[in-house]
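Below is one structure, written out as structure tokens; comments come after it.
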Amino acid sequence: SQLVDIHGQHAWQSLTRPEAVRGLLDSYANVATETLSLRWQEWRLARKTLAQAQGAQDSLQRDRERLAWQIGEVGKLAPDAHEWEELNAQHGRLSNIQALRDAVQTAVDALQEADDNATTLLGRAINALQNQEHIEPEFKALAELLNTALAQMEDAAHSLRGYARHAELEPQRLAELDERLAQWVSLARRYKRPPAELPELLASWQSELEALDKAADLVQLEKKESQAKAAYLEEAGQVSGLRSQSAPQLAKAVTRAMQGLGMQGGRFEVALTPLEQPAQHGLEQAEFLVAGHSGSTPRPVAKVASGGELSRIALAIAVTTSQLGQAQTLIFDEVDSGVGGAVAETVGRLMRQLGQDRQVLAVTHLPQVAAFADHHLVVAKRTENGTTLSTVEQMNDAQRVAEIARMLGGERMSGATLAHAREMLGNASKTASIDPS
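Structure follows, in structure tokens:
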């Protein structure tokens, strides 16, 4: 819940501002408008999107036709993600197949088929070592190593012969690869992209076309706009209902508070006027109306109320809304500006009443208000070494009498002002509550 509720000395100014009036009413009615604002923004975005799509149909259609043609052209190639690399690898093998076959045959000759091939020479080496194993035992291990090498060499020769059997010239396949690669290169040049990027380019065009199709789907966009509007109007209707229900309640409560603030017979009303167009804050505009005395017709506060009356009306609203609020600390910062005499005394009594179940802090220059406080603190300023300092001092009983007297008559206090101050404090201490009606 709210910790502190502050009512400033210029609160009356808000009585003439529509957004402030609406805020006061919504606060009194406990109306949360966050969802309403969100629904409004969603509806506004849907309207904007629909309007843009309606105004850009020709341009969208041209873009869609261009993308469809490009997708169709590259789509005929149907490039796979890694096909470019695989095509180049296959083409490289087939175009050099004879050189590969010659290399295989040379290797087989060196290993097994030449007069002094490696297999024969390695066999001689093994026999030589094995013949002397009885003299030098270490030769046995060396001969085994050579036997291992001989076995690996025979495996390699076997694999080479297998490669040679399958490595045939394939002129038809090579021609197919040449044609396929030429298609890749041609499209890549046309769209100024490396050939390997064609699959990615095709995917991006397809995504772009899908987005354009959605943007050009006026039926779907109109449906979304209609749904967003309905959601806004439903939420706005609920807010309007709460405002309509709370407006007369707020008016009655403020009217009752006005009677004790020197505006006997006055009447306060909250007028709700439907807007020509829905707005982010709802379907109606709120305005405060006031009749200064019995029998007069309520009119906008700025047109019929004086500055002092505006201050008192603002104070009546502050008292009314504070009584319903959850804040445990209320701060009134010179909200009694523009009032005096009996009205000021009523203000003090109202604040004392509010202080019965919560903490009330009042910044005031009126002795009639200060006299009703349970504690009196004086704020003073002084200058030391060119620096302005502010001090706060709590008054004891004697100091409080002197301070109230000073507020009544200035710096020069007489016996009469001191007696008046004691009388005011005594009367205020006997007051526990007030019924402003």
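Numbering (my numbering), first residue to last: 54 to 490. We put the beta carbon where it would ideally sit given N, CA and C, even for glycine.
G335 - partner residues in DSSP beta bridges: Partner(s): A332.
Inter-residue spacing [alpha-carbon to alpha-carbon] between G348 and G313: 18 Å
Separation of Y244 from P331, as counted between CA atoms: 49 Å
Outcome for L419 when other beta-carbon atoms lying within 10 angstroms are tallied against a minimum of 16: buried
Cβ shell of L303 (< 6 Å), same chain only, five flanking positions each side left out: Cβ within range, chain order: Y81 and V323.
Validate contact between the segment 102–117 and the segment 240–254 using beta carbons, cut 8 Å, 3 pairs: Too few Cβ pairs lie closer than 8 Å, so no.
Start and end residues, alpha helix (DSSP H) containing A492: Nothing in the structure corresponds to residue 492, since the chain is present only between 54 and 490.
Inter-residue CB distance, Q447 and L430 (contact presumed, cutoff 8 Å): 5 Å
Sufficient close CB pairs (3 or more, under 8 Å) joining the segment 166–176 to the segment 197–213: yes
Neighbour-count burial assignment, V372, 16 or more Cβ in a 10 Å radius: buried
Residue from N184, A209, G145 and A156 whose Cα sits closest to the Cα of A171: A209
Span of the beta strand (DSSP E), counted from its first residue to its last, around S212: If you look at S212, you'll find it isn't in any beta strand (DSSP E); it sits in the alpha helix (DSSP H) that goes E191 to H219.
Three CB pairs or more closer than 8 Å across the segment 82–95 and the segment 275–286: yes
Chain-order list of residues whose beta-carbon lies under 8 Å from that of V454 (same chain, five-residue window excluded): L471, A474, R475 and L478
Separation of V57 from I457, as counted between CA atoms: 27 Å
Nearest-angstrom Cα separation, counted from N449 out to Q406: 22 Å
Which of helix, strand or coil DSSP assigns to V84: coil
Option nearest E300 by Cα separation, candidates R70, A167 and R75: Just to set this straight, residue 300 is Ala in the shown sequence, not Glu. If we check each option's Cα against that of A300, R75 comes out closest.
Buried versus exposed, by CB contacts within 10 Å (16 or more), R465: exposed
Supposed contact pair P247 and P132 - C-beta distance, whole angstroms, cut 8 Å: With 8 Å as the limit, P132 and P247 do not qualify as a contact, their Cβ atoms being about 12 Å apart.
Host alpha helix (DSSP H) of S239 (start-end): Unbroken alpha helix (DSSP H) run through S239: P224 to R243.
Straight-line Cα distance separating L295 from P489: Bear in mind that a pLDDT of 43 at P489, under 50, signals an unreliable position, so the model cannot answer this.
A355 versus T417: straight-line alpha-carbon distance, rounded: About 25 Å.
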